[in-house]
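*Asks:* Same order as they appear, the protein sequences are chains A and B.
All letters in the first sequence, in the order written, are residues 1 to 872 by my numbering.
All letters in the second sequence, in the order written, are residues 873 to 1288 by my numbering.
C-beta atoms are modelled at their ideal positions from N, C-alpha and C, and glycine is treated no differently.
A quick note: this is a predicted structure, and the numbers were derived from the prediction, not measured.
The structure follows.
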Amino acid sequence: MSLDVTQILLSAQSADGAIRKHAEESLKQFQEQNLPGFLFSLSSELASDEKPEESRRLAGLILKNALDAKEEHRKSELFQRWLALDAGVKAQIKALLLQTLSSPVANARSTSSQVIAKVAGIEIPQKQWPELIVSLLSSIHQVQPNVKQATLETLGYLCEEVSPEAVDQDQVNKILTAVVQGMNASEGNSEVRLAATRALYNALGFAQVNFSNDMERDYIMRVVCEATQSPEVKIRQAAFECLVAISSTYYDKLATYMQDIFNITAKAVKGDEESVALQAIEFWSSICDEEIDILDEYSSEFTADSDVPCYYFIKQALPALVPMLLETLLKQEEDQDLDEGAWNLAMAGGTCLGLVARTVGDDIVPLVMPFVEENITKPEWRQREAATYAFGSILEGPSADKLAPLVNVALNFMLSALIKDPNNHVKDTTAWTLGRIFEFLHGSALETPPIITAENCQQILTVLLQSMKDVPNVAEKACGALYFLAQGYVDAGSASPLSPFFQDIVQNLLMTTHREDAGESRLRTAAYETLNEVVRCSTEETAPIVMQLVPVIMMELHQTLEAEKLSTDEREKRSDLQGLLCGCLQVIIQKLGGMESTKFSFLQYADQMMDLFLRVFACRNATVHEEAMLAIGALAYAAGSNFAKYMAQFYQYLEMGLQNFEEYQVCAITVGVVGDLCRALEDKILPYCDGIMTQLLKDLSSNQLHRSVKPPIFSCFGDIALAIGENFEKYLIYAMPMLQSAADLSAHATAADDEMLDYTNQLRNGILEAYSGILQGFKSSPKTQLLMPYAPHILQFLDALHNGKDMDDSVMKTAIGVLGDLADTLGVHAGPLISQSTSSKQFLDECLSSDDPLVKESADWAKIAVSRAVSG
Amino acid sequence: MAPPQHDPRRPYKRAAISDQQRRRDFALQTQSARRADAQARARSLANSLLSPSYPPVDQAPASPEANHDDRSHEPAVNEVATAAAKLRGPEGRRWFACQIMLPEWMVDAPPHLARDWNVCARPAGQRCLVVSTNGITVSRLRNGTVLHRFPSALPNGSKRGISGPASSYSILDCIFHEPDETYYIVDMICWRGYSLYDCTAEFRFFWINSKLTETSAGDPPSTYHRYRFCAVPMYESTLEGLQAAYSGSTPYVKDGLLFYNKHAHYQTGITPLTLVWKDEACSQYVLDTDSEGQVPTEQHVVLELQEDGKLITSDDPPIIFGTLNSEFIQKSNLRPGNLVRFSVRDESVKLVDGKMEIGELQFAGKLNRSRTFADSHSKVLFQYAARHAPLRIEDLVASVQSNSMELESTDVEMQD
């Protein structure tokens, strides 16, 4: 191969597009024609100190991309490809990579360490590179600091790529020893110490055993705490990052260190650089996260227990922690509310204060209120804002009994500040605090006497509507406050004090969406979202006003469709606006289509509305708008079988949605809409079923589609079968084998973690819903016998689920329902099979005595169906 | 390739969930709820087409929805509900009356009482069908007249409680118990538009209990809920169950016991799969009274006069107990369709194969119009038995015991 790899790699970074394109083509060709040679050339390039830094860096990057990808299917493809390479070539490449770690060029070392970690990520789980860790550790004692630094960095990346189970404890011990030694204050080279500290962050997940050993844990904690005092800011920051990671991974091992950690963090928050102080605050936020989770589990009705006990660290630290956080609130930046990306000490401190309030509840109130009272009337805006923010932060957590008297006093002050305070920042926080009051201390669920009454409601509305005319960031918060005010009245019915002002509210919100500057601070979105909530909370009396809104919103949507020759940026903005308008129509459809008094007159708009939705799809070319799809699902349900007339035109977009692998949310929504259509159209969906089923089957076989869409696709089979009955016959030979293999997989899946178990149960539920729909769809049909061949497998699946003991209540309910459906549809033919099935009797008995009423309900039904089938 | 960043950034001054996510979640939730509904409907509804003699079209005007609706399972439920709301004329009432399942009177304990039957204490009061739909609840007596029109917490039973399609019906078979102004539910025909005609009694009772708790229909009366609803406690017809129904305390005044065959569907008209039984201990009304409320010395029967002078019971097919000659009909000013009361002399009664034959009927008078139905054969028989050799609670107990011995004996090894 006479290619000049260096030259091509440099050309591939050329400013000249034509040269770049040509070079990329050559690289691609090389890769396709001779993969081993290609990878070897790249690693040689990376290893060679004679080559330019730029070509080496790109060589490393291409290598990395040849070993790993984000999408699961691509990733496993690349893994297989690497594993299939000739062992000799792989050995040569790995040797070159390890050699690069000693390069004098820092960039080459760093790149190589990442590539090594990727190779390790593939090979170590296959037990294919056993000598790697040993050889890395042997070079750690080299005198040259650059080699040491690169080795530590490699170990860090390695820990990120490889799962702890794949590495022997003996090797873990060696890695940790090397890393912690590198972090030690006695390490003279700060680059080495930084690399070691960052490596520890990734290695913490490997240290379960070591953290259970008091001596080893003491040692690691001492070194980490010492590193927080390093003269190098980057080391201090990395050390605090380690503390944050430890706080969540080893919460239950921290008791003896908390006093020291408090001192360290307090010092950092007070005087260190912001990047360090932010991590120090994050440590406490992270402890709050842990304790909130544990206390949640304590109070949950099912377990009332937690694997980890609560040590009440926050409660103990409270008297010192709260003043420290309050102090940070005064360190606001000017205009931080206008900067989407802002994150500073005051914001972190306030957020942490809110978490502390959720952790300890009432206890925080007396510690914060003096600060609020002292500062809220000060001439300096920072003090007023900090006081308001502190007050707003503690509104979630403490009891309504504790807060109500304070809020009763504060409410008028806040309302007046929202209008009169000269500072935007203060007004922003004031509006946000009002929103928090409405969110947590207003609504029918509260038992305390209401804070919002018919009397002050009018005043609140006047202030909020006026504030919606303020600068965008303040107006956005005012919309948010109105959102929660409306939400609190969702159950109020005709007694809602908002009813008399409904027209006014709607008009002001519409005006807000039309503001020139509504694109700033998310204002337009907030105004539409609030409009949605107001519509959701409307009553029979205010329904006519919502009805008037229909042509208004439709007109707005129509206008977005008239615009021509838009730039990319404008097209994106238009698509956002269309999303908001479709979302609003969706909520209106649900509201007006769901009330008998309005449904009929509302459906007169259906033709026009459907026309608009179709045009929204059309202007997106290849993709379908998720919001429009959701709105159509709602419309189909409201219109019922009358929706059939739109199907001919709508079908192409339905298919497009089902094909959208990339935006899997769109695909998932579309699958749901197929279900809506089945229930609305019943057998009128038949002409479209060939296309829909083909697409759904393709989706299931694809490994590109996000796995979360697969369970709903199975459920959708059930929806279709239930709608078209015995016409599902022709799909049986395709659908049933897929259901069977998915059932086998899901029955015997060993879930590694809660998330996996959760997914497995969703999958089981989908499969069972499919069986249910198919069985019920065929009921009373002369073709019922077609299902007999599948009955043994369905019963085996139920047996396997019952034996597996890891299904959740909703799977249990669906599963026992399928047993009933099977008995119901197949009748006496299924009787002997059911009698023979190993666990159906026991399963049924367990469900009959379940505490979950839904499980019991299904089981009662199944019992009757089964007894009929068995007794003949 | 930048060094790793562990960004501590958290959401600031933002609601945790976006409205879009809420919409998405809501769509998914409603989809799964509707799927569950569709399945529940499939489970309870298939085959449930009621085949009634439909009322004349002009007497039960079809609602607008019904015109669009060609789904085969709807008419049955529609008819009953529409009739309940808009019933006119005697024919309509007569049709309506046919929609109720009527028990036969128990003159013999059926076999396998313990295994196949449920029992409950029947509340004393007026039997009626209660229909809730479109924001109003209507109760109608067996003869079709409206008892109450009121708001209730049943599904779509008041303007306030509309949920789901407001036109979906719920139909309950109830007894209105005057003293505590409560509707005691003895059966359920339809719930939120899901017909239960084709479901077994056992399933319907289970459904009553589970569905009633989903609503607040069991709550004390309030503005939007005029009368309380209460499920009648239903027992297995075992010794204990029978005991509980017979002598257990109830919040209502008892009027006999009702037996339901567990496997029977809701069958309109008189059925032997539901039975009523009474004795003095559990009912104040064992023997029929005359218009003055006195128990006459001789048994009375009420029969319907046919065109050809035949006197028939309300059974389907009817049983003929005698004939009036045209001269007598004219003299007494009777018309076909009239209900006529007769007294029966004991000695003129013969029992042949469980059927009753009456040798001589003595005219006792014409009935006023409030009563719409002749006696059934089983009622006449029960009344006769009650005067001579009543079926006693001891007989029922003995029947249950012999049944259970039968069951057990299959497991017993014969020994020397």
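Residue ranges of each beta strand (DSSP E) run of no fewer than 3 residues wholly in the stretch 981 to 1051 of chain B, ordered along the chain?
*Replies:* Whole beta strand (DSSP E) segments, 3+ residues: 989 to 995, 998 to 1005, 1008 to 1013, 1018 to 1022, 1042 to 1049.
*Asks:* For M468(A), does the count of other Cβ atoms within 10 angstroms reach 16, so buried, or fall short, so exposed?
*Replies:* Counting from one through the first sequence, the residue named residue 468(A) turns up at place 468. By the 10 Å Cβ count, M468(A) comes out buried.
*Asks:* Going by the beta-carbon positions, is the gap between V474(A) and N424(A) smaller than 9 angstroms?
*Replies:* Stepping through the first sequence from its first residue, residue 474(A) is reached at position 474. Stepping through the first sequence from its first residue, residue 424(A) is reached at position 424. Going by C-beta atoms, V474(A) is nearer than 9 angstroms to N424(A).
*Asks:* Can you check which of these residues, Q604(A), I460(A), E655(A), T539(A), is closest to T623(A) by C-alpha distance?
*Replies:* Walking along the first sequence from the start, residue 623(A) turns up at place 623. Nearest of Q604(A), I460(A), E655(A), T539(A) to T623(A), Cα basis: E655(A).
*Asks:* Find the nearest neighbour of F898(B) within the set A634(A), L152(A), E663(A), judged by alpha-carbon distance.
*Replies:* Residue numbering aside, residue 898(B) sits at position 26 when the second sequence is read from its first letter. Minimum Cα distance to F898(B) is reached at A634(A).
*Asks:* Once you ignore the five residues that flank V1284(B) on each side, which residues in its own chain have a CB closer than 6 angstroms to its CB?
*Replies:* The residue labelled residue 1284(B) in the question sits at position 412 within the second sequence. Low confidence applies to V1284(B): its pLDDT is 41, below 50, so where it sits in the model is not reliable enough to give any reading.
*Asks:* For F1101(B), which of helix, strand or coil comes out of DSSP?
*Replies:* Within the second sequence, residue 1101(B) is the residue found at index 229, counting from 1. Here F1101(B) sits in strand by DSSP.
*Asks:* Can you check whether the C-beta of D860(A) is within less than 9 angstroms of a C-beta belonging to chain B?
*Replies:* Counting from 1 along the first sequence, the entry for residue 860(A) is found at position 860. Closer than 9 angstroms: yes.
*Asks:* Do we get a CB-CB distance below 9 angstroms when we pair N990(B) with the residues of chain A?
*Replies:* Counting from one through the second sequence, the residue named residue 990(B) turns up at place 118. Chain A, which has no Cβ nearer than 9 angstroms to the Cβ of N990(B), makes this no.
*Asks:* Is there contact here, the stretch 387 to 401 of chain A with the stretch 434 to 441 of chain A, by at least three beta-carbon pairs under 8 angstroms?
*Replies:* The stretch 387 to 401 of chain A, when compared against the stretch 434 to 441 of chain A, does touch it at the 8 angstroms Cβ threshold.
*Asks:* When burial is assigned at 16 or more other CB atoms within 10 Å of the CB, is G579(A) buried or exposed?
*Replies:* For this step, residue 579(A) is matched to residue 579 along the first sequence. The residue in question, G579(A), is buried, as its Cβ has 16 or more Cβ neighbours within 10 Å.
*Asks:* Output needed in chain order: residues of the stretch 1082 to 1096 of chain B with a Cβ under 7 angstroms from some Cβ in chain A.
*Replies:* For the stretch 1082 to 1096 of chain B, which is checked against every Cβ of chain A, the residues closer than 7 angstroms are S1082.
*Asks:* Can you check which of these residues, G519(A), L581(A), M554(A), is closest to D569(A) by C-alpha distance?
*Replies:* Residue 569(A) sits at position 569 when you count from the first residue of the first sequence. Ranking G519(A), L581(A), M554(A) by Cα distance to D569(A) puts G519(A) first.
*Asks:* Spell out whether any CB of chain A is found under 9 angstroms from the CB atom of D1059(B).
*Replies:* Stepping through the second sequence from its first residue, residue 1059(B) is reached at position 187. Not an interface residue.
*Asks:* Specify the secondary structure class of E160(A) as computed by DSSP and reduced to three states.
*Replies:* Start at 1 with the first residue of the first sequence, and residue 160(A) comes out as number 160. Looking at E160(A) - three-state DSSP - the assignment turns out to be helix.
*Asks:* Is there at least one Cβ from chain B nearer than 9 angstroms to N532(A)'s Cβ?
*Replies:* Within the first sequence, the letter at position 532 stands for residue 532(A). Yes, N532(A) counts as interfacial toward chain B.
*Asks:* I need the straight-line Cα distance from R1076(B) to Y1041(B), nearest angstrom please.
*Replies:* Position 204 of the second sequence holds residue 1076(B). Position 169 of the second sequence holds residue 1041(B). Approximately 16 angstroms between the Cα atoms of the pair.
*Asks:* Can you pull out the residues from the stretch 707 to 719 of chain A whose beta carbon lies closer than 7 angstroms to at least one beta carbon of chain B?
*Replies:* Listed by position, the residues of the stretch 707 to 719 of chain A near chain B (Cβ gap below 7 angstroms) are S715, D719.
*Asks:* Nearest to R81(A) by alpha carbon, out of Q92(A), L338(A), D68(A)?
*Replies:* Position 81 of the first sequence holds residue 81(A). Of Q92(A), L338(A), D68(A), the residue nearest in Cα terms is D68(A).
*Asks:* Going along the stretch 275 to 288 of chain A in order, which residues come within less than 8 angstroms of chain B, judged by CB to CB distance?
*Replies:* Under the 8 angstroms Cβ criterion, the stretch 275 to 288 of chain A contributes L278, Q279, I281, E282, S285.
*Asks:* Using CA atoms only, rank isn't needed, just tell me which of I246(A), R57(A), D170(A) is closest to D218(A).
*Replies:* Start at 1 with the first residue of the first sequence, and residue 218(A) comes out as number 218. The candidate whose alpha carbon is nearest that of D218(A) is I246(A).
*Asks:* Which one of D988(B), D1052(B), S1274(B), L1129(B) has the shortest CA to CA distance from P1123(B)?
*Replies:* What you label residue 1123(B) is simply residue 251 of the second sequence in a count that begins at 1. Cα-wise, what sits closest to P1123(B) is D1052(B).
*Asks:* Taking DSSP's pairing of strands, which residues face Q548(A) in a bridge?
*Replies:* Locating residue 548(A) in the first sequence gives position 548, counting from the first residue. BP columns for Q548(A) are empty, so no partner.
*Asks:* Hey, out of T1054(B), A1153(B), V979(B), whose CA is closest to V1104(B)'s CA?
*Replies:* On the second sequence, residue 1104(B) is found 232 positions in, with the first residue counted as 1. It is T1054(B) whose Cα lies nearest to the Cα of V1104(B).
*Asks:* Write down the C-beta distance between A255(A) and M183(A) rounded to the nearest angstrom, noting that I regard them as a contact closer than 8 angstroms.
*Replies:* Locating residue 255(A) in the first sequence gives position 255, counting from the first residue. Locating residue 183(A) in the first sequence gives position 183, counting from the first residue. Incorrect: roughly 23 angstroms between the Cβ atoms, too far for contact.
*Asks:* Tell me which residue opens and which closes the alpha helix (DSSP H) that K90(A) is part of.
*Replies:* Along the first sequence, one-based indexing puts residue 90(A) at 90. Unbroken alpha helix (DSSP H) run through K90(A): 87 to 100.
*Asks:* Which residue comes first and which comes last in the alpha helix (DSSP H) that contains S840(A)?
*Replies:* Start at 1 with the first residue of the first sequence, and residue 840(A) comes out as number 840. 840 to 848 is the extent of the alpha helix (DSSP H) around S840(A).
*Asks:* Going by DSSP, name the residue or residues bridged to G1194(B).
*Replies:* Residue 1194(B) sits at position 322 when you count from the first residue of the second sequence. Note: G1194(B) sits in a beta bridge opposite L1183(B).
*Asks:* Which parts of the stretch 1061 to 1096 of chain B are runs of the alpha helix (DSSP H), unbroken and 4 residues or longer, counting only runs that do not cross its ends?
*Replies:* Whole alpha helix (DSSP H) segments, 4+ residues: 1073 to 1084.
*Asks:* With a CB to CB cut of under 6 angstroms and the five nearest residues on each side skipped, what residues in its chain are close to S923(B)?
*Replies:* Here residue 923(B) refers to the residue found at position 51 when the second sequence is read from its first residue. Unreliable placement is indicated for S923(B), whose pLDDT of 24 sits below 50; no coordinate value is reported for it.
*Asks:* Using the C-alpha atoms, what's the distance from D699(A) back to P711(A)?
*Replies:* Here residue 711(A) corresponds to residue number 711 of the first sequence, with the count starting at 1. Here residue 699(A) corresponds to residue number 699 of the first sequence, with the count starting at 1. Each residue's Cα considered, the two are about 11 angstroms apart.
*Asks:* Between the stretch 1006 to 1022 of chain B and chain A, which residues of the former have CB atoms less than 7 angstroms from a CB of the latter, in chain order?
*Replies:* The residues in question are N1006.
*Asks:* Kindly indicate if chain B contains any beta-carbon less than 9 angstroms away from that of G493(A).
*Replies:* As a position in the first sequence, residue 493(A) is number 493, starting the count at 1. Output row for G493(A): interface = yes.
*Asks:* When the cut-off is 9 angstroms and only beta carbons count, does Y483(A) lie next to chain B?
*Replies:* Here the question's residue 483(A) lines up with position 483 in the first sequence. At least one chain B Cβ lies under 9 angstroms of Y483(A).
*Asks:* Can you find the residues in the same chain that come closer than 7 angstroms, C-beta to C-beta, to N532(A), ignoring five residues on each side of it along the sequence?
*Replies:* The count along the first sequence starts at 1 and reaches residue 532(A) at position 532. Excluding positions up to five away in sequence, the list reads G583, C584, V587.
*Asks:* Identify the contact partners of D676(A) in chain B, using a Cβ-Cβ distance below 7 angstroms as the criterion.
*Replies:* Counting from one through the first sequence, the residue named residue 676(A) turns up at place 676. Neighbours of D676(A) on chain B, chain order: Q903.
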